[in-house]
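If you count the sequence shown from 1, you need to add 2 to reach this note's numbering. Taking it in order: structure first as structure tokens, then the write-up.
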Amino acid sequence: MIDTAFVSYVTVMSITPGPNNLLLAASGVNFGLRRSVPMMLGITLGCVVQCALMTSMLAILLSWMTVVRLPMAAIGCAYLFWLSWKIYRSGSPKEGEKQQPMNMINGALFQAVNPKAWLMATNVAILFTPPDGNMLHHTLLICLGFALINLPCILVWVVMGDRLRQALRVEWKLKMFNTIMGGMMALTALWLLVGEVRHALN
3 MIDTAFVSYV TVMSITPGPN NLLLAASGVN FGLRRSVPMM LGITLGCVVQ
53 CALMTSMLAI LLSWMTVVRL PMAAIGCAYL FWLSWKIYRS GSPKEGEKQQ
103 PMNMINGALF QAVNPKAWLM ATNVAILFTP PDGNMLHHTL LICLGFALIN
153 LPCILVWVVM GDRLRQALRV EWKLKMFNTI MGGMMALTAL WLLVGEVRHA
203 LN
């Protein structure tokens, strides 16, 4: 269960670009590492809760997800489009001091509308939950393993953003960065939405 395949899958899914990591990089640039830590912890917490739900109630949730998967994806992607606009509209370095990054609770709740996070949690449950044995024990192990792998992976994005912060003190450079990150977030939302629509039509 907690084997090389599990570590590899969670690492790849956690460290590759997606809504969480784009938000974390943008937060690192606009608010710095220290102020972004609560959001980072909340993201890992939210993903762990999703894994716990998916692994402990796999059969029920999978049948439920087939019904609501597309509407949930549409709502989640609409929220991602809104976030991309917010990133694009982020202000100058001085204005950034007045704004606040996501707190831990909001970071965790964001996972409820993050299509990539649901996909990751579902796949972890399907691929790495054994068909028999102590379900509580397996769920706890999966959640612990997920948290230990996910947290350092997403930390990379916050640190990268924090390191870029000094280089982006000039207003036009920060605006260009936020425009690129907002555009990438919008493209991510569009890519996820198109994938979900194709899945629903097949």
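Cβ atoms here follow ideal geometry from the backbone N, Cα and C, with glycine treated the same way.
Extent of the continuous alpha helix (DSSP H) run through residue i
| i | result |
| --- | --- |
| R165 | M137 to A169 |
| M41 | L35 to S58 |
| P117 | P117 to F130 |
| A191 | E173 to L203 |
| T6 | T6 to I17 |
| G109 | M106 to F112 |
Cβ-based burial, residue i [other Cβ within 10 Å; buried from 16]
| i | result |
| --- | --- |
| W193 | exposed |
| L203 | exposed |
| S10 | exposed |
| T18 | exposed |
| D164 | buried |
| G98 | Caution applies to G98, whose pLDDT of 48 falls short of 50 and renders its modelled position unreliable; the value that the coordinates give is listed next. Answer is buried; the Cβ neighbour count reaches 16. |
| V196 | exposed |
| G184 | buried |
| Q101 | exposed |
Residue i versus residue j - alpha carbon distance
| i | j | result |
| --- | --- | --- |
| E198 | M122 | 14 Å |
| C155 | V69 | 32 Å |
| M137 | S58 | 7 Å |
| L35 | L166 | 11 Å |
| C145 | I151 | 10 Å |
| V160 | V172 | 20 Å |
| L176 | R200 | 36 Å |
| M187 | S86 | 5 Å |
| F148 | V12 | 7 Å |
| A114 | L82 | 12 Å |
| I128 | D5 | 15 Å |
| L72 | N125 | 17 Å |
8 Å contact criterion, which residue i and residue j should meet: CB distance rounded
| i | j | result |
| --- | --- | --- |
| N116 | N23 | Going by Cβ atoms, the distance from N116 to N23 rounds to 11 Å, so no, they are not a contact pair. |
| A7 | N180 | Rounded, the Cβ-Cβ distance is 37 Å, inconsistent with contact. |
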